[in-house]
Amino acid sequence: MRYHEIVNEIRQWPLDQQLLLLEEMTRLLRVTLAQPAPSAPPTASLLWRGVLASDAPSPTDAELQQAYTEYLMTKYQ
């Protein structure tokens, strides 16, 4: 049955049956919502965090610029 067919069928029920269905649906939703939501799998960035970490301090901007300049000079000679 489709949603609209089900709703039309339920509208034809007596009020006491509609209320029983409402109570059952409320109970079902309460149980479903009380369960903890499944946690999302960790993203790649979380899995790889710290893989390239070292004990040495990070290079300064000047050191990075010097290394890049040297790289370009050797590349284009």
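Mapping of the sequence shown onto the numbering used here: residues -14 to 62, in sequence order.
Quick reminder that beta carbons are idealized off the backbone N, C-alpha and C, glycines included.
Small disclaimer: the values here were computed from a predicted structure and weren't measured.
If you compare the alpha carbons of Ala19, Val(-8) and Thr17 with that of Leu6, the shortest gap goes to Val(-8). The three-state reading of DSSP puts Arg(-4) in helix, counting H, G and I together.
Annotation: the continuous alpha helix (DSSP H) that includes Asp46 extends over Asp46 to Lys60.
If only complete runs of 4 or more residues are kept, the segment -2 to 32 shows the alpha helix (DSSP H) at 0 to 19, in order along the chain. CA-CA distance, Lys60 to Pro44, rounds to 22 Å.
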